[in-house]
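Participant: Protein chains in written order, with UniProt numbering: chain A, 1 to 466; chain B, 1 to 466. First, the structure itself, so that you have it in front of you.
This is the structure we're talking about:
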């Protein structure tokens, strides 16, 4: 990108052949496995084995899909060509057909709002993996985690100021998802006689409950809401493992431990685009995910920052027993992405991300300000150490409340208005609430805003109910 | 590789600039995200955003490390340059220093014997991942598994003839490791009142026991050896989940179910390089891993072939709860590797792999034939449908027995001879046995053979015991 585009046809071919003959006679210098290649910076680099894959990747990326889809090198192929995968609500072989009655899908936390940043930084973020890259189970230091990647994780925390990592251990996981369960196992394993009680404060991310129930371990049990637990078991906080999600999913609130016992801090959303960074989190066990930092949910990469050596070793053991570590290909790509993320002291990435979220919140707030039927969470201004100014939070999700008494199934009300959200009971809250994702692509957000506007206009009688 | 190497200095630069001016004036055709690029096949393709990463990967690959190490793009960096990571027993900044008293490490099943194949197929196996590749949790069909990759998995099974996949479901996992446990959960979950009994036949891969014990589920319990179980519980085979590893790890035997109840077939080693392929395996639940097919253990990718829809959905649910699916980057790379694996109907890959293993076994057998102190497993000739001839198996591991009565700790005997194996009790067998890995790099194998030869020579009094 930003380079002069070059075209190479017949004349080029002739001259190129002549140059090659001239240079290969006079300047051929063999060496290394594939010969050492020298070139001037201003020349087109002379590539050998990576050239075909690079050309293939660029050719696929150049398929425009009318701007409403993507073609991928690993996508489905029709008549030898990769086909367009259309965004929601678009169809046709080139994704040019909009389905006018399509619902706005604001269900998933797919962080595609960051995709344009990576397209803008295509050169620095591309990665080439050779066929023989890291075939071993382990790195040269006998671990299954890249030390260089760990260094960049520490670097980005230091730069953002959102977590204390000095003197702490870091473990990688398959997304933060795997680490949530690994942490429960690590914290519960000391109690071999009785099972630990796993808790979270309503509304909470449903995976905590789903995992604990699914793995059905003799070592722990999900016991629901911290406040209910506290009122029934005021004296017993020793055998608890509390999940604290801060900022919270679904409502974006900065949270603290209620019970003060063993705590797992899920900091997936503790980045400057979603919340002012008030200072480095300094807890015993903190979990982060690439998904909500750079937007690469599909890469399945997360990490835990752990104070205690014994807990660290238990989490490490979990990862080893569960799947013998994280894909080396994934680690290589994450390294490349974090190298871009820390460029310019993180300003380009976080400014892009924050500005996108702030603009979305501005527009969303404007729509909801015209409604009495629907409300969204209050946002508090706080000083952000990273941006060095006081700002409102711009959470990943709107936590919508249907205010009318009869609207106790808010999800159904929104669905009638062609909006798909995630209903309150998913988060162990009331169905009077629904979560709307604000971090999907701009196409998803634009459609969501359009459907919300229509809904609010209908409420005010400006247009007739369909 | 196999291309004329080209060098581009001053003159090239001048001519290149001239050509660029000429062509960009006359032939500029914009379009697509980065402009559509056309070129003749015989021209150097004109690359833009992928060029830097490609040049970086090639530069690192060209660092020779004296042939006894590798530099990687994600390796540690010293003064801005990636440093060599030396193979075992080699040291120094360029890995040129051999440590003469170094032990041969034949412990791990790191399948590096296939690395040279991938270096020979560098062009076809390289992969370029753009910064915005597959950021979503899901593919366009709302799954977390690449359909195109699934197609290639079916293709390679059909081609090799080692597994029936028609009408079966396929689930991807983080290596076969994750799928072993997912399968236990899937098969046990029906018995909510009592826990299922998980079993395997001695000697068996230790992960079955380690996982079952670690996850400590109320739904299942590890009960050890199938034969012991059978003699004590002759009537109750309903509540069992039996692991059958075929070919077996550690001894390479083709195995069948002993108990005839629910069975998980671990077919990690059921490929033509390790065993004659006698026919397609046709069991209800079969697990495979990329690690022992292409040698990419570090990529952490495996798959299960499942007959029953209900079991399939349970395994899928496990993967989703455990970590929301497999890295898309990993899936892209695996696709690329399998595309190479199926080239020439699989002959180039499997002939390389089989020839390497056969040669190692020929040399190993020759050394052990001179010994009465040590023996290795017998290998049986079978007709291989894939190669269409009768061949001996060439297992991934030698299963060594110390024959002298006093040598009941075979691992210690070998260790005194500077050989590191994996002791029999790891596989719930006697320590009179030790597993030696034959699938590591040629350097590892050469050193192993040297140490074994020394040991056998000492046994025969040809050289003095140190």
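Where is the CB? At the ideal position from N, CA and C, for every residue including glycine. Fair warning: this is a prediction, and the values are worked out from it, not measured in the lab.
DSSP three-state call for residue 52 of chain B: helix, strand or coil?
Facilitator: Residue mapping note: residue 52 of chain B aligns to position 52 of the second chain, counting from 1. The answer is helix: DSSP assigns residue 52 of chain B an H, G or I state.
Participant: Strictly by DSSP, which residues pair up with residue 387 of chain A?
Facilitator: Translated into positions along the first chain, residue 387 of chain A becomes position 387. In DSSP, residue 387 of chain A forms no bridge with anything.
Participant: Is the number of C-beta pairs between the segment 299-315 of chain A and the segment 171-179 of chain A that are closer than 8 Å three or more?
Facilitator: Short answer: they touch.
Participant: Looking at residue 219 of chain A and residue 193 of chain A, is the spacing between their C-beta atoms short of 7 Å?
Facilitator: Taking the first chain and counting its residues from 1, one reaches residue 193 of chain A at position 193. Taking the first chain and counting its residues from 1, one reaches residue 219 of chain A at position 219. Going by C-beta atoms, residue 193 of chain A is not nearer than 7 Å to residue 219 of chain A.
Participant: Can you tell me whether residue 32 of chain A is helix, strand or coil according to DSSP?
Facilitator: Taking the first residue of the first chain as 1, we reach residue 32 of chain A at position 32. Below a pLDDT of 50, predicted positions are generally treated as unreliable, and residue 32 of chain A, at 33, falls in that range; no measurement from the model is reported.
Participant: May I ask which residues mark the beginning and end of the alpha helix (DSSP H) holding residue 208 of chain B?
Facilitator: Taking the second chain and counting its residues from 1, the one referred to as residue 208 of chain B is at position 208. That run of the alpha helix (DSSP H) goes 207-215.
Participant: Got a sec: is the Cβ-Cβ distance from residue 81 of chain B to anything in chain A below 7 Å?
Facilitator: As a first step, residue 81 of chain B is located in the second chain; it is residue number 81 there, counting from the start. Taking Cβ atoms only, chain A never reaches closer than 7 Å to residue 81 of chain B, which makes this a no.
Participant: Quick one: does residue 156 of chain A have its CB under 7 Å from some CB of chain B?
Facilitator: Translated into positions along the first chain, residue 156 of chain A becomes position 156. Cβ-Cβ to chain B under 7 Å: no for residue 156 of chain A.
Participant: Have a look at the DSSP bridge pairing and note the partners of residue 281 of chain A.
Facilitator: The residue labelled residue 281 of chain A in the question sits at position 281 within the first chain. Partner(s): A:163.
Participant: Does DSSP classify residue 326 of chain B as helix, strand or coil?
Facilitator: Within the second chain, the letter at position 326 stands for residue 326 of chain B. Coil.
Participant: For the ligand FAD, is there any heavy atom lying closer than 6 Å to the beta carbon of residue 233 of chain A?
Facilitator: This structure simply doesn't include the ligand FAD, nor any ligand for that matter.
Participant: Find the residues of chain B that neighbour residue 299 of chain A, judging by a C-beta separation of less than 7 Å, and give them in chain order.
Facilitator: Numbered from its first residue, the first chain carries residue 299 of chain A at position 299. Residues of chain B passing the Cβ test: 327, 328 and 329.
Participant: I'd like to know if residue 213 of chain B contacts chain D, where contact means its C-beta is closer than 7 Å to some C-beta of that chain.
Facilitator: Of the protein chains in the structure, A and B, none is chain D.
Participant: Please go through the same chain and pick out, in chain order, the residues whose beta-carbon is closer than 7 Å to the beta-carbon of residue 152 of chain B, but skip the five residues on each side of it.
Facilitator: What you label residue 152 of chain B is simply residue 152 of the second chain in a count that begins at 1. Excluding sequence neighbours, residue 152 of chain B sits near 335, 338, 339 and 342.
Participant: Determine the burial state of residue 440 of chain B: buried for a count of at least 16 other Cβ atoms within 10 Å of its Cβ, exposed for fewer.
Facilitator: The count along the second chain starts at 1 and reaches residue 440 of chain B at position 440. By the 10 Å Cβ count, residue 440 of chain B comes out buried.
Participant: Just how far apart, CA to CA, sit residue 137 of chain B and residue 65 of chain B?
Facilitator: Residue 137 of chain B sits at position 137 when you count from the first residue of the second chain. Residue 65 of chain B sits at position 65 when you count from the first residue of the second chain. When rounded, the distance between both Cα atoms is 39 Å.
Participant: Thinking residue 374 of chain A and residue 403 of chain A are a contact (beta carbons under 8 Å), I'd like their distance in whole angstroms, please.
Facilitator: Along the first chain, read from residue 1 onward, the residue named residue 374 of chain A stands at position 374. Along the first chain, read from residue 1 onward, the residue named residue 403 of chain A stands at position 403. Indeed they touch by this definition, with Cβ atoms about 7 Å apart.
Participant: Nearest to residue 183 of chain B by alpha carbon, out of B:142, B:437, B:263 and B:108?
Facilitator: Locating residue 183 of chain B in the second chain gives position 183, counting from the first residue. It is B:263 whose Cα lies nearest to the Cα of residue 183 of chain B.
Participant: Residue 289 of chain A bridges to which residues according to DSSP?
Facilitator: The residue you call residue 289 of chain A lines up with position 289 of the first chain. The partner list for residue 289 of chain A (beta bridge, DSSP) reads A:302.
Participant: Roughly how many whole angstroms lie between the Cα atoms of residue 111 of chain B and residue 274 of chain B?
Facilitator: Position 111 of the second chain holds residue 111 of chain B. Position 274 of the second chain holds residue 274 of chain B. Distance between the alpha carbons of residue 111 of chain B and residue 274 of chain B is about 12 Å.
Participant: Would you mind telling me which residues of chain A sit closer than 7 Å to residue 472 of chain B, beta carbon to beta carbon, in chain order?
Facilitator: Here chain B comprises residues numbered 1 to 466, so residue 472 of chain B is not present and cannot be evaluated.
Participant: How many angstroms separate the CA atom of residue 452 of chain A from the CA atom of residue 458 of chain A?
Facilitator: Here the question's residue 452 of chain A lines up with position 452 in the first chain. Here the question's residue 458 of chain A lines up with position 458 in the first chain. Roughly 10 Å separates the two Cα atoms.
Participant: With a 10 Å radius around its C-beta and 16 neighbouring C-beta atoms as the bar for buried, classify residue 372 of chain B as buried or exposed.
Facilitator: Taking the first residue of the second chain as 1, we reach residue 372 of chain B at position 372. Exposed, since its Cβ has fewer than 16 Cβ neighbours within 10 Å.
Participant: Under a CB-based cut-off of 7 Å, is residue 466 of chain B close to chain A?
Facilitator: As a position in the second chain, residue 466 of chain B is number 466, starting the count at 1. Bear in mind that the predicted position of residue 466 of chain B carries a pLDDT of just 40, short of 50, making it too unreliable to give a figure here.
Participant: Following the continuous beta strand (DSSP E) through residue 75 of chain A, name the residue where it begins and the one where it ends.
Facilitator: On the first chain, position 75 is the one that residue 75 of chain A refers to. Here residue 75 of chain A belongs to no beta strand (DSSP E), and DSSP marks it neither H nor E.
Participant: Check whether the segment 131-150 of chain B and the segment 375-395 of chain B are in contact - that is, three or more C-beta pairs closer than 8 Å.
Facilitator: Output reads no: the segment 375-395 of chain B does not touch the segment 131-150 of chain B.
Participant: Could you name the residues of chain B that residue 94 of chain A contacts, counting a contact when the two beta carbons are closer than 9 Å?
Facilitator: If you number the first chain from 1, residue 94 of chain A lands on position 94. Simply none; closest approach about 12 Å.
Participant: Would you mind sorting residue 85 of chain A into buried or exposed? The rule is 16 or more other CB atoms within 10 Å of its CB.
Facilitator: As a working note, residue 85 of chain A is residue 85 in the first chain. Buried.
Participant: Is residue 332 of chain A close to chain B? Criterion is C-beta to C-beta, closer than 7 Å.
Facilitator: Numbered from 1 along the first chain, position 332 holds the residue referred to as residue 332 of chain A. Answer yes: the Cβ-Cβ gap between residue 332 of chain A and chain B drops below 7 Å somewhere.
Participant: Under 7 Å, Cβ to Cβ, is there at least one residue of chain A near residue 122 of chain B?
Facilitator: Mapped onto the second chain, residue 122 of chain B falls at position 122. Chain A, which has a Cβ nearer than 7 Å to the Cβ of residue 122 of chain B, makes this yes.
Participant: Give a yes or no on whether the minimum CB-CB distance between residue 180 of chain A and chain B is below 7 Å.
Facilitator: The count along the first chain starts at 1 and reaches residue 180 of chain A at position 180. Answer no: the Cβ-Cβ gap between residue 180 of chain A and chain B never drops below 7 Å.
Participant: Apply the 10 Å Cβ neighbour rule to residue 141 of chain A and answer buried if 16 or more other Cβ atoms are within range, or exposed otherwise.
Facilitator: Numbered from its first residue, the first chain carries residue 141 of chain A at position 141. Result: exposed.
Participant: In chain order, what residues of the same chain lie with their CB nearer than 7 Å to the CB of residue 258 of chain A, ignoring the 5 residues before and after it?
Facilitator: For the purposes of this step, residue 258 of chain A is identified with residue 258 of the first chain, where counting begins at 1. Hits under 7 Å: 201, 226, 227, 230 and 242.
Participant: Quick one: grab the DSSP three-state call for residue 25 of chain A.
Facilitator: Numbered from 1 along the first chain, position 25 holds the residue referred to as residue 25 of chain A. A caution first: residue 25 of chain A carries a pLDDT of 30, below 50, which makes its placement in the model unreliable, though a value can still be read off. Residue 25 of chain A falls in the helix class under three-state DSSP.
Participant: Could you compute how far the alpha carbon of residue 33 of chain B sits from the alpha carbon of residue 62 of chain A?
Facilitator: As a position in the second chain, residue 33 of chain B is number 33, starting the count at 1. As a position in the first chain, residue 62 of chain A is number 62, starting the count at 1. Note that residue 33 of chain B has pLDDT 36, beneath the 50 cutoff, so the model's placement of it is unreliable and no number is given.
Participant: I want to know whether the segment 45-54 of chain A touches the segment 119-126 of chain B - three or more CB-CB distances under 8 Å.
Facilitator: Yes: at least three Cβ pairs fall under 8 Å.
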